[in-house]
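Structure record follows, encoded as structure tokens.
Numbering (the numbering used here), first residue to last: 455 to 1353.
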């Protein structure tokens, strides 16, 4: 069956839609379905996307293509709407670079079923559902009416009240009234009188984390900011603008134009009826408009805005989210609701999508009768709003046990760790199986619609036959243990990498993946086989707690598993239900090979490789000796420098030095380095605690935190370094100081990251394939975890932009790849790896590549840029993983043959 995955779209949550669509594309069962990626751009154009672009980290990484972007001095990231008014020929030329333009009427020839991964307006509002109905294409999820209800929070609230559900008090407020100049102090009192205090200000037609503010302080200024945020307005006065530095002005514009946190582009100046499409044009406009007149101000309005917003009472209680599905008879069944523990007032974008930033507890930690009350209310609302197939219903339960349902959604996020998959795992369905369930149940619902249902019945019959064959198949597959977690500062990212590998292998016809969680210490590795529900827990710490303290299943989980037994039996055969601790010897009997998805220690230091080699278990990545070198950034740099490779000037800083020398140690460092400098752990992951240090206060703060003198969360040093909530900052006995590598006298300077793959030649020699490196753009001083691993964050340009001249480009690119290959050979890297570097390009197009570090087991999350690079060389992520595993198996076979 040909499944068209429709993703991207016009809403502010288009990046999460893009990432979710990629998850669906990768996880659909390859034995049953053929995937067809259909990207909808932010102008609403349908594009049959070339598969390589599915694996870009963000939409802006590939669309619009860089050759169509206007010059941007400040490297602003933009979508196609920032190119202004385009002719049909211009739009078509842009699309041809990434795929083929199609019309909705063409879909019937390309797909049998549409899987909708769109979010927000034009995706969850009935519009795309109507287009597909018109063209007689069955689709996933709810139909037109429930979708239209699901997107409009104002209509929802009216219907929820009419159906006798508890809900927060609310009023609406219009933009027209606001722009007339309402007194904010008076408004504050009006809203408090109407709905109480604190209260929430929200945009009614956006995603559940967009355009929302919590008013928990009686401040007129904060209310003004909250109202503007929900109306997608932004004010700037001449006085405020002219107090900013040039850097601060650029950063302000970049934040404003972000479609999630800012108002987005294009914008209109309300007072002057001027439309600005590109951030560079906006920056020039603000400089000209506000430079001279002290009393001047501008009010910017997004062209994608709200005319009326909602003010509602703040509900005190535990927040939850609950996925409701349908059983075999079409009756709603609520999966175990998840409780959300977060550090902010509400569950924002960062909390939702970056592992470790919040905790999801399933089922929510309240008495069983209250959990059942939530489930019953969610099912009742599902029926009342006439939802179909599945829905995500968010709400709160008060300390008194009252359930408030305030945000029903007909589409859920489809990231690997989203509620959508997280709760389905509690009844034993892995992502691939749950997606098959969604498609089958959607076909049943479309048959009920009574629109040309004979063809849909035939599709359903064929699908049932394919599912039955799959579940009852006795085909022997290669058993691969996917080991993830660990105890380093990047353990959460390791879980994301491991899950991604597990999911890629699960949907293949060649491999049978076995999820294994590693915890413990350097002295003792503890290994646990994971059931799917624990594999999809929120983060590594949550998984660790569940496996170490496992005492059986929660009664609510057992009850729901029984209620959904008929569903699970249709899609699953012989599922692991309980975690089980195993030894390395046990592992050798359970698996034919191992994929190590660990980052930092253990995994990248050779210790796990030692254990696996005892039992002749093939594994991915480099061998013991090479891993022991590359985990140590100082030693790696020393070896590379001795072999003629450029590296930054560096030195180690030890805790015993700090204890004995104190401030004198800082002076000694300053005598050999000039601020700003880079400080980072010498043997940890590639992003944790990597900081640009600009002065002695920051160096002192970094030293105190690294050596455990102060609490990471609530200390003065953490404030000096500007650590984010829940930011990982490992404590060590030593760390590394490096010169900040800069442009110098080069004409062009950029940071790149390059992947590689090895294979054996016919003669048995190791051959290196060096991929085209990606150019990494950081929004701050250094690349953050979010920019490296969170879908929709950061920007990686692949291939890197060394020069605009094509002939000169290849010469520079060849030099860079040659250096990376030389590094790989010097360090005896095998399997695959990622090498980070700075590149200077000089006037004569001579280049210099300065190595930053080597990652022998690079991140394999869905958003990581190594997949962008492999795509250029024709490898889909699964193909890349298959090649990595094949090399490891062949290496072990060669070793065994020589014994």
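Glycine included, every Cβ here is placed at the ideal spot set by N, Cα and C.
Local conformation of residue 733 per DSSP, three classes: Helix, per DSSP.
Spatial distance of residue 548 from residue 592 (CA atoms): 30 Å
Cβ-Cβ distance between residue 1048 and residue 1025 below 8 Å: no
Distance CB(residue 656)-CB(residue 666) smaller than 8 Å: Yes, Cβ-Cβ distance for residue 656 and residue 666 is below 8 Å.
Residue environment, residue 710, which counts as buried when at least 16 other CB atoms sit within 10 Å: Residue 710 is buried by the Cβ-count criterion.
Reduced DSSP secondary structure (H/G/I, E/B, other) of residue 1037: coil
For residue 551 and residue 872, the rounded distance between their alpha carbons: 32 Å
Segment contact, 8 Å Cβ cut-off, at least three pairs: the region 1321-1341 with the region 487-503: The region 1321-1341 is not in contact with the region 487-503.
Candidates 734, 1222, 1202, 863, of which the one nearest residue 1294 by Cα: 1202
When 492, 508, 942 are compared against residue 1331, the one with the closest alpha-carbon: 508
Cβ-Cβ separation, residue 924 to residue 582 (assumed contact under 8 Å), whole Å: No, residue 582 and residue 924 are not in contact; Cβ-Cβ is about 29 Å, not under 8 Å.
Close Cβ partners of residue 731 (< 6 Å) along its chain, the five nearest in sequence each way excluded: 536, 538, 720
Contacting residues, own chain, Cβ-Cβ under 7 Å from residue 822 (five flanking each side not counted): Excluding residues within five positions, the ones whose Cβ falls inside 7 Å are 1009, 1010.
Contained alpha helix (DSSP H) runs [length at least 4] in the region 1030-1105, N- to C-terminal order: 1038-1044, 1061-1068, 1078-1084, 1087-1096
Closest by C-alpha distance to residue 699, when choosing among 724, 718, 737, 712: 737
Alpha helix (DSSP H) runs wholly inside the region 465-527, at least 4 long, in chain order: 468-481
Reference residue 513; option with closest CA among 1317, 1014, 658, 1334: 1317
Buried or exposed by the 16-neighbour rule on C-beta atoms within 10 Å, applied to residue 1065: buried
Short Cβ contact (8 Å threshold) for residue 658 with residue 606: yes
DSSP beta-bridge partners of residue 554: 502
Residue 488 versus 495, 532, 479, 496, residue with shortest Cα-Cα distance: 479
At least 3 beta-carbon pairs within less than 8 Å: the region 964-978 vs the region 1011-1025: The region 964-978 and the region 1011-1025 do not touch, with fewer than 3 CB-CB distances between them shorter than 8 Å.
Residue 1118 beta carbon near the ligand ADP (any heavy atom closer than 7 Å): Here there are no bound small molecules, and the ligand ADP is not part of this structure.
The region 1297-1316 contacting the region 1276-1287, beta-carbon criterion three pairs below 8 Å: yes
Inter-stretch contact (C-beta, 8 Å, three-pair minimum) for the region 614-627 and the region 888-896: no
Beta carbon of residue 1045 nearer than 8 Å to that of residue 934: yes
Inter-residue spacing [alpha-carbon to alpha-carbon] between residue 1171 and residue 724: 43 Å
Beta-bridge pairing of residue 722 - partner residues as DSSP gives them: DSSP lists 729, 755 as partners of residue 722.
Separation of residue 835 from residue 857, as counted between CA atoms: 12 Å
Residue from 459, 1092, 859, 1254 with nearest C-alpha to residue 476: For the residues 459, 1092, 859, 1254, the minimum Cα distance to residue 476 belongs to 459.
Within the region 629-710, ranges of the beta strand (DSSP E) (whole runs, at least 3 residues): Taking 3 residues as the minimum length, the beta strand (DSSP E) runs contained wholly in the region 629-710 are 653-656, 666-669, 687-691, in order along the chain.
Reduced DSSP category for residue 800 - H, G, I as helix; E, B as strand; rest coil: Because residue 800 sits at a pLDDT of 47, beneath the cut-off of 50, its placement in the model cannot be relied upon, and the following sentence gives the value as read from the coordinates. If DSSP states are grouped into helix, strand and coil, residue 800 belongs with coil.
Where residue 1319 sits in the DSSP three-state scheme: Looking at residue 1319 - three-state DSSP - the assignment turns out to be coil, as it is neither helix nor strand.
C-alpha distance - residue 461 paired with residue 1123, whole-angstrom precision: 51 Å
Pairwise C-alpha distance: residue 631 and residue 1007: 54 Å
Whether residue 668 touches residue 649 by CB criterion (8 Å): no
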